[in-house]
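Heads up: take any position in the first sequence, counting from 1, add 27, and you land on the numbering used here.
No residue lacks a Cβ here, since even glycine has one placed at the ideal position from N, Cα and C.
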Amino acid sequence: MTDDANAARAPSGTHDVLWPESTRWETLLALFAAQVERAGYGLAHTPIFEEVKVFRRGIGTGSDVVGKEMYEFEDRGGRMLALRPEGTAPLVRAFVQHRPALPWKAWYATPAFRYERPQAGRYRQHHQLGVEALGPADPDLDVEVVSLADGALRSVGLTDIVLKLNSMGDALCRPAYVERLRAYLAERRDALCDEHAQRLESNPLRVLDCKRPQCRQATDAAPRLVEVLCDPCAAHFARVRRGLEALGVPYRLDHRLVRGFDYYSRTTFEFASGALDAAQNGVGGGGRYDGLVEMLGGPPTPGIGFGIGIERLLLACDAEQVFAVDPPRLDAFVVDVTGGDVARDVTWRLRQAGLRADRAFDGRSMKSQLKAADRSGAAVALLVGPQEVSTRTVIVKPLRGGGDQRPVPVAEVVEAVRAARPTAGGPEGPPPTRRDVP
RNA sequence: GUGGCCGUAGCUCAGUUGGUCAGAGCGCCGGGAUGUGGCCCCGGAGGUCGCGGGUUCGAACCCCGUCGGUCACCCCA
């Protein structure tokens, strides 16, 4: 990029998604929507910003996301607001506010904002696809949600992904475990990295997912939460595991999986792409949050959900060389060298008939217009010169594949173009061509 | 927030130890007799070398600052 110093540009950490890349996004959204709606989830839109307390109470002030990464601001009325850093808390807030009938299953596609230093796969505005299911404490709901996330990732062709699974216990068994872990680690404080020696008191769980070798060593033999779950949590977790196995969803138990938000309880999970060697290889994650609704002022209501990062999912697709999506092509491109009346009328007519049609502007030469027709990817070019005008015809010239050009009466143009279309779609036009999408 | 690397035409990049160093490929625009794209040929537009300051007789090349990008840490999608 060699912009002038004063040329406008997207803010640091944000990015534009322009055509044709945007067709991948569209296709992804459509695939995702089809899968989760098939499972009874309905689309929910909530505001892009919320009162700060929605996130503070739900995610927890101890997390980095809330502590130092939120886009907070005070509006003109003195309200403290924040751009959403994730998707769960806003949806739970909406639940608390509207109290829809249970079970309530919703999905969303939304931007999320975090003030972090940008790097590969990490943006200040990124986008997430996700679902939330409120009401049932049933472990089969966990199975449903995890398998939906797994299915969403696999539906775009990803295969090199690992599902990591853990249980964080509940308010009964976790506190006891945390104390035990703290005591265990306290004896080995010197073996920990500086940072976690510090954080030992405030949040010993986080030491478990430290990547530094010394911390890994110190925690290898540490007591594991899954081994000391209370009976109900253990039974829940066992049922979840059995369900995933029954559905053929492969997973790997990971006792170090301690997700960053305070609201998680019991089942937590994360998907990592093996194709991404960057530090940001997590393409999605989620978990159960049985206390969150109460934290936001609602009645005790269990819940579980997941979020998938769109940018990271697409990066993983690039790395695995899957989910290449062809942008939709035009059915016809009108080339008119007689002043444009025919281009104007014929193009309009084709569009009215549900066909994809475009044309050249500014009265360019035939060569120029044909080049544009070629670049557009249109199936046929419709040529109009003085002779065609006088005979009220249009030359239909195939641009792709074989076939000779032939004159067609203007009155029959729509049918001629429809017949020349590469795909036999409905009157609304062909669907986007998808490659590598099962 | 901390650190490493980078910043030359729309894109990908060349630019020797500072002195025709402002270039190439692709893309874009135009042309290749008599209305017809893709291949090929010819021509053209387009950059105050991110920005500001400094060193020097002279800087795209050196120094400082700044902005942006990128990678890593932290954390996460």
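Residue i classed as buried or exposed, judged by whether at least 16 other C-beta atoms fall within 10 angstroms
i, result
"W131", "buried"
"F360", "buried"
"Q155", "buried"
"A265", "exposed"
"H223", "buried"
"C125", "The sequence as given places His at residue 125; Cys does not occur at that position. Burial call: exposed."
"T294", "buried"
"P117", "buried"
"F388", "exposed"
"L280", "exposed"
"A302", "buried"
"Q379", "exposed"
"A128", "exposed"
"Q244", "exposed"
"F100", "exposed"
"S403", "buried"
"P231", "buried"
"S392", "exposed"
"E171", "buried"
"R469", "Nothing about residue 469 can be read from this structure; the chain reaches only from 28 to 465."
"L323", "buried"
"R106", "exposed"
"A467", "Any question about residue 467 goes unanswered here, given that the chain covers just 28 to 465."
"E77", "buried"
"Q13", "Absent from the model: residue 13. The displayed extent of the chain is 28 to 465, so no value can be given."
"L341", "buried"
"D247", "exposed"
Short Cβ contact (8 Å threshold) for residue i with residue j
i, j, result
"L410", "V119", "no"
"A133", "A71", "yes"
"E338", "G148", "yes"
"A343", "S300", "yes"
"V93", "R83", "yes"
"D167", "G270", "yes"
"S174", "L58", "no"
"K398", "E297", "no"
"E64", "E96", "no"
"G114", "Y98", "no"
"G196", "L256", "yes"
"V68", "V158", "According to the sequence as given, residue 68 is Tyr; it is not Val. The answer is yes: Cβ separation under 8 Å."
"H153", "G336", "yes"
"G367", "G390", "yes"
"V423", "Q432", "yes"
Residue from the options whose Cα sits closest to the Cα of residue i
i, options, result
"L252", "R201, D91, T418", "R201"
"P449", "V435, V440, C344, P425", "P425"
"I75", "P413, R111, T54", "R111"
"S39", "A57, P127, A343, R151", "R151"
"G330", "F140, G314, E96", "G314"
"Q241", "R215, L185, D258", "R215"
"L377", "T365, V407, V440", "V440"
"D345", "A34, D187, L199", "D187"
"G430", "E159, V407, S417", "V407"
"A60", "V81, L185, L180", "L180"
"G428", "V416, A447, E415", "A447"
"T54", "G184, A121, K394", "G184"
"H263", "D165, R106, V310", "D165"
"A306", "A384, L219, K238, K394", "K238"
"G287", "R233, G381, V349, D169", "R233"
6 Å CB neighbourhood of residue i in its chain, flanking five on each side removed
i, result
"P354", "P47, T50"
"E321", "P327"
"G87", "D289"
"R386", "V361, A370, T374"
"A121", "T73"
"D317", "S292, P329"
Residues near residue i by beta carbon distance below 8 Å, same chain, minus five either side
i, result
"V437", "V369, V373, R419, T420, V421"
"H282", "N193, L235, R251, L252, V253"
"A249", "L208, Y211, L212, L235"
Spatial neighbours of residue i in its chain, beta-carbon cut-off 7 Å, leaving aside the 5 residues before and after
i, result
"A405", "R356, L357, D358, A359, F360, L426"
"D43", "A37"
"G453", "The predicted model places G453 with a pLDDT of 43, which falls under 50 and marks its position as unreliable; any figure quoted below should be read in that light. So the list is empty, once near-sequence residues are dropped."
"D401", "L426"
"C220", "C237, R239, Q241, C242"
Any non-hydrogen atom of the ligand ATP within 7 Å of residue i CB
i, result
"D217", "Within the structure as shown, the ligand ATP is missing, as the structure has no ligands at all."
Contiguous beta strand (DSSP E) assignments of at least 3 residues, all confined to the region 319-391: 330-336, 359-363, 384-386
Any alpha helix (DSSP H) of 4 or more consecutive residues that is wholly inside the region 224-266: 232-235, 240-247
Contained beta strand (DSSP E) runs [length at least 3] in the region 138-221, N- to C-terminal order: 152-161, 188-194
Contained beta strand (DSSP E) runs [length at least 3] in the region 56-94, N- to C-terminal order: 76-78
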